[in-house]
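Undergrad:
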Amino acid sequence: MDRLIIQGGRKIAGKTRVHGAKNSILPVLAASLLNCSREEIVLKDVPDLHDVRSMLNILTCLGATVRYAERDIILRTDRVDRCEVPEHLMREMRSSIFLMGPLLGRLGRVRLCRPGGCAIGPRPVNLHLRGLQSLGAAIEEKEGGLIEARGLLRGGEVLLDYPSVGATENLMMAAVTALGRTVIRNAAREPEIVDLQNFLNLMGARISGAGTSTITVEPSGRELGGGCYRVFPDRIVAGTYLVAAAITQGDLTLEEVCPEHMTSLLQVLEQAGVEVETGPRRVRVRGGQLKAVPLVSIEPYPGFPTDLQPPLMTLLALCPGESRVLEKVFQQRFKHVPQLNKMGARIRVSGQEALIAGVESLEGAVVEATDLRAGAALVLAGLAARGETVVTQIKHIDRGYENLHLVLNGLGARISRVAEDISGGEAEGASRRVTAAASPGEALP
Ligand code: EPZ
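Add 25 to a position in the sequence shown, counting from 1, and you land on the number used in the working numbering.
#1: Leaving out five residues before and five after E215 in sequence, what residues of the same chain have Cβ atoms less than 7 Å from its Cβ?
#2: List the endpoints of the continuous alpha helix (DSSP H) containing L185.
#3: Let's see if you can read the secondary structure: which residues bound the beta strand (DSSP E) around S245?
#4: Give, in chain order, every unbroken run of the beta strand (DSSP E) that is at least 3 residues long and sits entirely within the stretch 381-451.
#5: Once you ignore the five residues that flank V5 on each side, which residues in its own chain have a CB closer than 8 Å to its CB?
#6: Is the beta carbon of P149 within less than 7 Å of some heavy atom of ligand 1?
#7: Compute the distance between the beta-carbons of A410 and E388, then report whether it is under 8 Å.
#8: Who are the near neighbours of E112 in its chain, counting only those whose CB is closer than 7 Å to its CB and skipping five residues on each side?
#9: Which same chain residues, not among the five before or five after G161, have their C-beta less than 7 Å away from its C-beta?
#10: If you follow the alpha helix (DSSP H) that V262 is in, where does it begin and where does it stop?
#11: Out of A394, K167 and S62, which one is the CA nearest neighbour of M26?
#12: Which runs of the beta strand (DSSP E) fall wholly inside the stretch 111-160 and span at least 3 residues, in chain order?
#13: Taking only three categories from DSSP, how would you classify D332?
#14: Name the one or two DSSP bridge partners that K40 has.
#15: Cβ-heavy atom distance between S289 and ligand 2 below 7 Å?
#16: Closest by CA to G298, which one among G141, C253 and V318?
#17: From which residue to which residue does the alpha helix (DSSP H) around R78 run?
#18: Have a look at S245 and I172 and give me their C-alpha separation to the nearest angstrom.
#19: So, for L84: in the same chain, excluding its five sequence neighbours on each side, which residues have a beta-carbon less than 6 Å away from its beta-carbon?
#20: Using 7 Å as the cut-off, classify the Cβ of L160 as near or not near the heavy atoms of ligand 1, replying yes or no.
#21: I need the DSSP call for Q356, collapsed to helix, strand or coil.
#22: Just checking P492 against ligand 1 - is the residue's beta carbon closer than 7 Å to any of the ligand's heavy atoms?
#23: Buried or exposed, going by whether 16 or more other CB atoms sit within 10 Å of the CB of E248?
#24: DSSP three-state label for G45, please.
#25: Can you tell me which of the three DSSP states D220 falls into?
#26: The beta strand (DSSP E) spanning Q32 covers which residue range?
#27: Where K40 and A406 are concerned, what is the direct C-alpha to C-alpha distance, given to the nearest angstrom?
#28: Throw me the rounded Cβ distance for the V443 and P336 pair, which I believe falls under 8 Å.
#29: Indicate whether the contact test is met: 3 or more Cβ pairs, each with one atom in the stretch 223-235 and one in the stretch 271-279, closer than 8 Å.
#30: Using a beta-carbon distance below 8 Å, is A55 in contact with chain B?
#31: Out of I31, R42 and Q32, point me to the one whose CA is closest to G264's CA.
#32: Run through DSSP, which three-state label would V201 get?
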């Protein structure tokens with residue numbers, strides 16, 4: 026089990042880029058199943074993330090062929106003919122539910138079980154299922170979380186009770202194959218939805234409205250084909266790096282990013298006393314005199330993103346005064362709090378609310394990453410803390426950050442990744458497909 030050992034107290038400074046958005050690539054990979062032609066789909070600059078590997082495993086198991094060319098992934102999906110996703114692969118991540126819409130649309134039938142994913146509160150799929158039923162699917166839920174759906178889809182009106190990101194994406198993919206026009210109301214507005222629309226339209230779909238709360242899917246009138254696509258830069262990874270600079274009083278410039286996707290974060294950073302400068306596809310953050318932020322409300326986009334709530338919490342832990350965070354998206358996304366408190370933070374949770382009494386400094390400790398973003402928050406805490414911090418269970422971090430420790434080291438951090446071998450000794454973390462030198466997150470000259 027790998028862990029990260031962080032020597033705190035070093036500034037994060039320099040220039041870097043971020044890899045493509047995990048939460049765009051996963052639905053885009055699922056959407057590639059809608060390509061029945063022999064044309065290839067080329068996805069540019071795909072990060073080597075655990076969740077991406079899991080999705081590629083599933084696609085392969087369904088009959089797709091996957092090739093790598095450096096950091097690009099080349100997919101052929103014309104031979105996909107299996108409508109059943111093995112349970113162990115479904116349970117690896119939440120995004121496996123994205124397969125439902127495209128498989129149902131393509132094959133008229135799908136059989137899978139409830140997905141796994143980060144333990145951050147109940148994550149039902151009722152909105153996915155209800156939406157697909159509105160498009161004509163017959164759905165049966167069986168014992169053990171097994172779900173079977175079948176039917177020829179027809180367009181219709183779908184009103185989501187909540188702007189669920191995953192349900193919106195699943196419905197967009199299903200609706201592309203439906204007879205007639207579909208309108209999705211109260212749709213999620215996240216940039217990843219726009220990414221999926223752009224990709225599906227490149228394949229030949231006719232979707233409009235992504236980024237607003239009403240999305241319209243017109244029948245494309247022809248089979249979808251291949252194409253070459255690059256997803257948006259990962260706004261959550263970008264935000265994590267920016268907080269790393271802010272919390273260490275550093276000076277970081279991110280290049281080739283979309284500042285317009287990070288407006289809510291940048292506003293909160295400014296409220297916290299951090300200096301923020303934006304330009305076209307560029308953000309610079311410089312540490313300042315930190316101060317508490319009275320209230321940060323975590324909401325669907327364009328509100329403050331739940332995925333950056335744990336990293337922000339680490340920053341607020343060091344902002345003099347009292348801050349308050351209201352988590353309105355997930356019910357149990359405060360699992361990083363006991364770990365941060367172990368490092369000297371003073372955070373009290375009551376239901377969906379966290380009250381943070383800023384402290385002067387954090388102390389190194391052995392802490393456990395309980396999920397992806399909680400893990401990132403602890404790495405940030407380690408960067409700012411006095412002494413040495415050990416973050417265990419970092420498999421969670423590998424789900425969404427490619428070589429996080431190497432990127433941060435390129436910017437001035439001192440982090441080593443170690444693997445405990447069975448004899449109890451330690452070895453340098455195994456090298457992965459993408460080396461530090463090839464990483465898009467490497468420090469720029
Ligand atoms: C996506 O999850 C992201 N994952 C999450 O990122 C992100 O935190 C979340 O959107 C919110 O922004 C991917 O894109 C792969 P939701 P998703 O459906 O689609 C409730 C990360 O760290 N809900 O918008 O699962 C649900 O319980 C991950 O990268 C229902 O009640 O999020 C939650 O409270 C974690 N019924 C809320 O909606 C449903 O059928 C938001 O969930 C679906 C959701």
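Where is the CB? At the ideal position from N, CA and C, for every residue including glycine.
TA: Taking the structure as given:
#1: V190 and Y326
#2: It is not in any alpha helix (DSSP H) - L185 carries neither H nor E in the DSSP assignment.
#3: Taken as a continuous stretch (DSSP letters only), S245 belongs to no beta strand (DSSP E), as it is neither H nor E.
#4: 391-393, 413-417 and 439-445
#5: Nothing can be reported for residue 5, as the shown portion of the chain is limited to 26 through 470.
#6: yes
#7: yes
#8: C138
#9: G176, L177, L178 and R179
#10: R260 to I272
#11: A394
#12: 134-138
#13: helix
#14: T278
#15: For ligand 2, the structure offers nothing, since it holds only ligand 1.
#16: V318
#17: H75 to L87
#18: 28 Å
#19: none
#20: no
#21: coil
#22: This structure leaves residue 492 out entirely; the chain is present only between 26 and 470.
#23: exposed
#24: strand
#25: helix
#26: D27 to Q32
#27: 21 Å
#28: Actually they are not in contact, since the Cβ atoms of V443 and P336 sit about 23 Å apart, beyond 8 Å.
#29: no
#30: The structure shown contains no chain B; it is built from a single protein chain.
#31: R42
#32: coil
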